[in-house]
Amino acid sequence: MKNIFALLLTMSFFLANSQDVEEIINNYIEITGGIDAYQELEGYKIYASVNQQGLEIPIEIIQLKKGRTSLKLSLQGQEIKQGVFDGEVLWSTGFPDFKPVKSDDEDVINLKNELKDFPDPFVVYKELGYSVELDGTEDFEGTEVNVIKLTKTPVLVDGEEFPNIDYWLFDAEDNIPLAVRSEILEGPAKGFIEEQRFSDYQEVEGIYYPFSLTFGVKDQPGGQTFVVEKMEINPEIDESEFSFPDDEIQE
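To get my numbering, take the position in the sequence shown, counting from 1, and add 287.
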């Protein structure tokens, strides 16, 4: 009898947790535009800027549903491209010679998995087989937030798979994401927790997007704020925008 009671209690907790998570996610999707608006989204182009040591740097970001993406910035008259992907080849502008450099197969695999999140991981998480769970509540700069743990496709680092987990902080009152956290798995900051903060939500053709994003490390001072100036929804983008410039010599 005790075992049956424990099983029923566990099932009750699981169902309640699942319902709470789905309610938060469904409210978020509805508040920010609705499922139909998200499903009609084929891509976007963002015009933004960051301030680096007093220097205003313009940035353009393109992301398309069909798995194309690019980031372009202008630095002292020099055009620099990062994370440009045509569906097969991933490349960036190299330093210090500014020649295009292709990324390795592991980076391509990780990016392909990441791009599957379009238009939003909480819109497609079920079809991608991601898991979600409520991971408690906390105070985030004076605002109570619900923490949703989103477990996605593992990340490859040096040929080894690592868990790919994001912790999303949703305002408990209006179900809008205020931040997302994830562990940094490689590089000099390995082991630290990356934190992206979202604010200044604005409507663009029926969907609300954060127009201010701050990237930094949890519990560390500083951070880089990315300010969106304009967004184009479903833009017409020529495929050449993503192509690796074969006329350049890659060393």
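No residue lacks a Cβ here, since even glycine has one placed at the ideal position from N, Cα and C.
Since the structure is predicted, the reported quantities are computational estimates derived from the model, not experimental observations.
Classify residue 527 as buried or exposed, calling it buried when 16 or more other Cβ atoms lie within 10 Å of its own Cβ.
exposed
Quick one, are the C-beta atoms of residue 518 and residue 333 less than 7 Å apart?
yes
Entirely within the stretch 405-454 and at least 3 residues each: give me those beta strand (DSSP E) ranges in chain order.
If we require 3 residues or more, the beta strand (DSSP E) runs fully inside the stretch 405-454 come out as 418-427, 430-444.
For the stretch 421-428 against the stretch 381-398, do three or more pairs of beta-carbon atoms, one drawn from each stretch, fall closer than 8 Å, so that the two count as touching?
no
Which residues in the same chain as residue 464 place their Cβ atom closer than 6 Å to its Cβ, once the five residues preceding and following it in sequence are excluded?
455, 457, 485
Quick check: the Cα distance between residue 382 and residue 353, rounded to an integer number of angstroms?
29 Å
On the CB-based measure, 16 or more other CB atoms within 10 Å of its CB, does residue 453 come out buried or exposed?
buried
Excluding the 5 residues preceding and the 5 following residue 279 in the sequence, name in chain order all residues of the same chain whose CB lies nearer than 6 Å to its CB.
What the structure shows of the chain is the stretch from 288 to 538, and residue 279 is not part of that stretch, so it cannot be assessed.
Along the chain, where does the beta strand (DSSP E) that runs through residue 466 open and close?
464-470
Closest to residue 321 by CA distance: which of 448, 459, 377, 495 is it?
Answer by Cα proximity: 495.
For residue 531, collect the residues of the same chain with a Cβ closer than 8 Å to its Cβ; drop the 5 residues on either side in sequence, then sort them by chain order.
371, 373, 376, 378, 387, 389
If you draw a straight line from the alpha carbon of residue 412 to that of residue 404, how long is it in whole angstroms?
8 Å
Along the chain, where does the beta strand (DSSP E) that runs through residue 327 open and close?
From DSSP, residue 327 is part of no beta strand (DSSP E); its letter is neither H nor E.
What is the C-beta distance between residue 466 and residue 427, in whole angstroms, given that I count them as a contact (C-beta under 8 Å)?
7 Å
When DSSP labels each residue in this structure, what does residue 336 get in the three-state scheme?
strand
From the DSSP output, in three-state form, read off residue 520 for me.
strand
Please go through the same chain and pick out, in chain order, the residues whose beta-carbon is closer than 6 Å to the beta-carbon of residue 359, but skip the five residues on each side of it.
347, 368
Only counting the same chain, and skipping five residues up and downstream in sequence, which positions put a Cβ closer than 6 Å to that of residue 312?
409
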